[in-house]
Amino acid sequence: MSSITYSERIKIETFCELGLSNIQMGVRLNRSPSTISYELSRCQPYQAELAQTDAEYKRSR
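Counting from 1, one number per residue, gives the positions in the sequence shown under UniProt numbering.
Here it is in structure tokens:
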């Protein structure tokens with residue numbers, strides 16, 4: 001499956017604010033709960049913009 005997009009990151013941020021579990025987020029985004037868990041580990045508290053910057057940096061290395 002492809003990398004998580006910025007729009008998915010915004011949805012993950014919203015889902016976190018709503019208190020959804022990794023499983024619930026994964027179902028809504030058609031992603032594995034472990035993918036969601038990895039994504040949430042990028043920054044705490046989760047912010048889509050910071051996570052996107054982190055992903056772009058790691059992708060460029």
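Even for Gly, the Cβ is constructed at its ideal location relative to N, Cα and C.
A quick note: this is a predicted structure, and the numbers were derived from the prediction, not measured.
Enclosing alpha helix (DSSP H) for residue i [first to last residue]
i	result
residue 26	22–29
residue 5	Note, residue 5: premise wrong, no alpha helix (DSSP H); not H, not E.
residue 45	First-last for residue 45: undefined, no H or E at that position.
residue 34	33–40
Residue i burial status per 10 Å Cβ neighbour count (16 or more: buried)
i	result
residue 26	buried
residue 23	exposed
Proximal residues to residue i (C-beta, below 7 Å), its chain only, five neighbours per side dropped
i	result
residue 32	26
Residue from the options with nearest C-alpha to residue i
i	options	result
residue 44	21, 13 and 57	13
residue 20	3, 40 and 4	40
Proximal residues to residue i (C-beta, below 8 Å), its chain only, five neighbours per side dropped
i	result
residue 6	48 and 52
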